[in-house]
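The letter at position 341 of the sequence shown is residue 346 when you use this note's numbering, and the numbering goes up by one with no holes.
These notes are about the structure you will find just below.
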Amino acid sequence: MVKRLLLAGLLFIVGLALRPAGQARAQEGPPLLLQTSSLYRVLEEGSIVRVRIDVRLSNQDPQTRKKKRGTVYFYNEVGLPVAPGVQRVRVVRGDGRELKVTVNREHIGYDLLQIRLGRRLFYGQHMNFTVTYDLVGGLSAPYYIGPNVARFPTYLAGDEGQVEAEIPLSYDVRIDNDRCKLTRETEYWHVQCPSFKQTGTYAFFVDAVRPTARAELLSPPIPLARRELRLRIRYFRGEEEWARQVVEILTRAIPMLEEIMGFPYRGPSLLQVRQSTTTDTLGYEGLFEGENVILVRPGAGPETIIHEAAHLWSRPFAARWLYEGWAEWAARETMRRLDMTAELEKADPPARPPRLALADWVWEGGILSGEQAELEARGYALSAFVVEQLVQRLGLAALQEVNRSFLPDRRGRLHPATSESYRRALAARGYQVDDLWANYVLPRPPRPGGVLPLD
Numbered sequence: 006m007v008k009r010l011l012l013a014g015l016l017f018i019v020g021l022a023l024r025p026a027g028q029a030r031a032q033e034g035p036p037l038l039l040q041t042s043s044l045y046r047v048l049e050e051g052s053i054v055r056v057r058i059d060v061r062l063s064n065q066d067p068q069t070r071k072k073k074r075g076t077v078y079f080y081n082e083v084g085l086p087v088a089p090g091v092q093r094v095r096v097v098r099g100d101g102r103e104l105k106v107t108v109n110r111e112h113i114g115y116d117l118l119q120i121r122l123g124r125r126l127f128y129g130q131h132m133n134f135t136v137t138y139d140l141v142g143g144l145s146a147p148y149y150i151g152p153n154v155a156r157f158p159t160y161l162a163g164d165e166g167q168v169e170a171e172i173p174l175s176y177d178v179r180i181d182n183d184r185c186k187l188t189r190e191t192e193y194w195h196v197q198c199p200s201f202k203q204t205g206t207y208a209f210f211v212d213a214v215r216p217t218a219r220a221e222l223l224s225p226p227i228p229l230a231r232r233e234l235r236l237r238i239r240y241f242r243g244e245e246e247w248a249r250q251v252v253e254i255l256t257r258a259i260p261m262l263e264e265i266m267g268f269p270y271r272g273p274s275l276l277q278v279r280q281s282t283t284t285d286t287l288g289y290e291g292l293f294e295g296e297n298v299i300l301v302r303p304g305a306g307p308e309t310i311i312h313e314a315a316h317l318w319s320r321p322f323a324a325r326w327l328y329e330g331w332a333e334w335a336a337r338e339t340m341r342r343l344d345m346t347a348e349l350e351k352a353d354p355p356a357r358p359p360r361l362a363l364a365d366w367v368w369e370g371g372i373l374s375g376e377q378a379e380l381e382a383r384g385y386a387l388s389a390f391v392v393e394q395l396v397q398r399l400g401l402a403a404l405q406e407v408n409r410s411f412l413p414d415r416r417g418r419l420h421p422a423t424s425e426s427y428r429r430a431l432a433a434r435g436y437q438v439d440d441l442w443a444n445y446v447l448p449r450p451p452r453p454g455g456v457l458p459l460d
């Protein structure tokens, strides 16, 4: 099995926007305390996540004391960052009065709710209000919401408080925070977390899929060097647009992958791509099974899909870092050549050798846990980084020749590359990469009194 980890960062720029108002402006950043309780509810009918945030606002700014004479400062507006693309926003005060709210969509990664309080809030005063809004289908990553799919991050909306979620029992549900509890109630799954502090704190990621009846889409043949390849896409009903996009992406990407990897595709004439639950993919974004089956989670982006398809050319590699590193690099190179760079996930190369020897990076089995996810992210990023370094130093053509030397011989015998046999194959052709192996693949322990740089 080959897995593709979701490496894209969850982009949600947070920071409470507070604005004092009145006859004069007070100093910037006065201490208003927002205590919140947020509930994310996936609706049974699908395609909607309804969010409710109960807010208690306390003015702790001594510059806004109420007085009878002189310049008076107060608050009459507050800003609240929320997910991008929110709809049907309402704000209701504790006394039942609906407050005016403007949605500012000019920010990158979030919308800002500018809420008029409908009163002057002085020092020592409090007020309660409730914010409701909907997340709907069509949102961009990391939000993906469809008729049978709900994948979204949750955040603390204020300075301190709780974050909860409710998902119908018809969904297969996973969350990524071991500190939060997922329990089965009478009518829904309930996620409960300890209290959080600090505005914008990431709470947990909800990954909910309803395993409904599936539909199927068969692609036209894709011409390759020695054969044609067809795609069979199996997807949850309601995800037809996603299935069509997968066909379009792979129809363009697979011939380019063959060119980049440098040897003809020799596998089965049918590639199956199945939209699957998180349990099916063992917590990964994508997973490659056998010779011709790709499992991907709903909403998987082009890079994940192309990465998994690149494993059609992974037979020469035994070491996991070669297996995954070449697939990762080839997927990104394919997207660059096909002018799909806008959809590339950001990948920051490691500046210093991390606490991971790539030769020791193996798949431990089981469903991906929170602690394991950090190590996996390092492995994927570092593997692609080392392959990129090899390509830059030696050239793609030279590495293609090395990779072909690990294909099955005329008798069909296969001796895929380990970390050491790959280094020897490079050295036999006059390529010296000892520094890469020493720093990243097989790092030596530091000498007594010395320090090996680790992040």
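No residue lacks a Cβ here, since even glycine has one placed at the ideal position from N, Cα and C.
Remember, predicted model here, so these are calculated numbers, not experimental data.
Verify whether the separation of the beta carbon atoms of residue i and residue j is less than 8 Å.
{"i": "Tyr207", "j": "Pro158", "result": "yes"}
{"i": "Trp318", "j": "Gly384", "result": "no"}
{"i": "Gly267", "j": "Gln397", "result": "no"}
{"i": "Arg46", "j": "Thr137", "result": "no"}
{"i": "Arg232", "j": "Ser175", "result": "no"}
{"i": "Ile227", "j": "Ile254", "result": "no"}
{"i": "Val438", "j": "Ala362", "result": "no"}
{"i": "Pro152", "j": "Gly304", "result": "no"}
{"i": "Ile299", "j": "Ala314", "result": "yes"}
{"i": "Arg242", "j": "Ala218", "result": "yes"}
{"i": "Ala230", "j": "Glu190", "result": "no"}
{"i": "Leu140", "j": "Val91", "result": "yes"}
{"i": "Ala432", "j": "Val407", "result": "no"}
{"i": "Ala335", "j": "Glu308", "result": "no"}
{"i": "Val391", "j": "Leu441", "result": "yes"}
{"i": "His112", "j": "Ser63", "result": "no"}
{"i": "Arg179", "j": "Gly288", "result": "yes"}
{"i": "Gly163", "j": "Phe134", "result": "no"}
{"i": "Ala364", "j": "Ser424", "result": "yes"}
{"i": "Ala324", "j": "Ala422", "result": "yes"}
{"i": "Glu296", "j": "Gly330", "result": "no"}
{"i": "Thr284", "j": "Asp181", "result": "no"}
Which one or two residues does DSSP pair with residue i in a beta bridge?
{"i": "Ile311", "result": "DSSP output for Ile311 lists no bridge partner at all."}
{"i": "Ala220", "result": "Tyr240"}
{"i": "His131", "result": "Ser63"}
{"i": "Ser42", "result": "Asp59 and Gln167"}
{"i": "Thr137", "result": "Arg57 and Arg95"}
{"i": "Thr69", "result": "Paired residues: none, contrary to the question."}
{"i": "Thr159", "result": "Phe209"}
Given this structure, state the Cα-to-Cα distance separating residue i from residue j, to the nearest angstrom.
{"i": "Gln277", "j": "Glu333", "result": "20 Å"}
{"i": "Gly417", "j": "Phe209", "result": "48 Å"}
{"i": "Arg409", "j": "Arg156", "result": "40 Å"}
{"i": "Leu222", "j": "Ala248", "result": "7 Å"}
{"i": "Gly205", "j": "Leu39", "result": "12 Å"}
{"i": "Arg215", "j": "Thr188", "result": "17 Å"}
{"i": "Gly123", "j": "Asn81", "result": "7 Å"}
{"i": "His312", "j": "Leu349", "result": "12 Å"}
{"i": "Ala26", "j": "Arg302", "result": "The predicted position of Ala26 is uncertain, since its pLDDT is 44 and thus under 50; a value taken from the coordinates is nonetheless stated next. Cα to Cα, the separation comes out at about 47 Å."}
{"i": "Tyr436", "j": "Arg415", "result": "26 Å"}
{"i": "Gln203", "j": "Asp344", "result": "40 Å"}
{"i": "Val211", "j": "Val196", "result": "9 Å"}
{"i": "Val252", "j": "Ser426", "result": "37 Å"}
{"i": "Leu161", "j": "Leu419", "result": "53 Å"}
{"i": "Glu294", "j": "Thr286", "result": "10 Å"}
{"i": "Arg30", "j": "Val96", "result": "Here the model assigns Arg30 a pLDDT of 44, short of 50, so the residue's position is not dependable, and the following value carries that caveat. Looking at the two C-alpha atoms, the distance is approximately 25 Å."}
Closer than 8 Å, CB to CB, is residue i near chain B or not?
{"i": "Trp334", "result": "Going by chain labels, chain B is absent from the structure shown, which holds only one protein chain."}
Next item on the list: Output the residue ranges of the alpha helix (DSSP H) runs that lie fully inside the stretch 414-444 and measure 4 residues or longer, sorted by chain position.
Entry: 424-433
Item checked: the stretch 164-183 contacting the stretch 88-105, beta-carbon criterion three pairs below 8 Å -> The stretch 164-183 vs the stretch 88-105: no contact.
Notebook entry, point to check: What are the uninterrupted segments assigned as beta strand (DSSP E) that are 3 or more residues long and contained completely in the stretch 252-320, given in chain order?
Noted result: 275-280, 291-294 and 298-301
Margin query: For the pair the stretch 86-94 and the stretch 109-125, tell me if three or more CB-CB distances fall below 8 Å.
Written below: yes
Next item on the list: Could you tell me which uninterrupted beta strand (DSSP E) segments, each at least 3 residues in length, are contained entirely in the stretch 381-405, listed from first to last along the chain?
Entry: none
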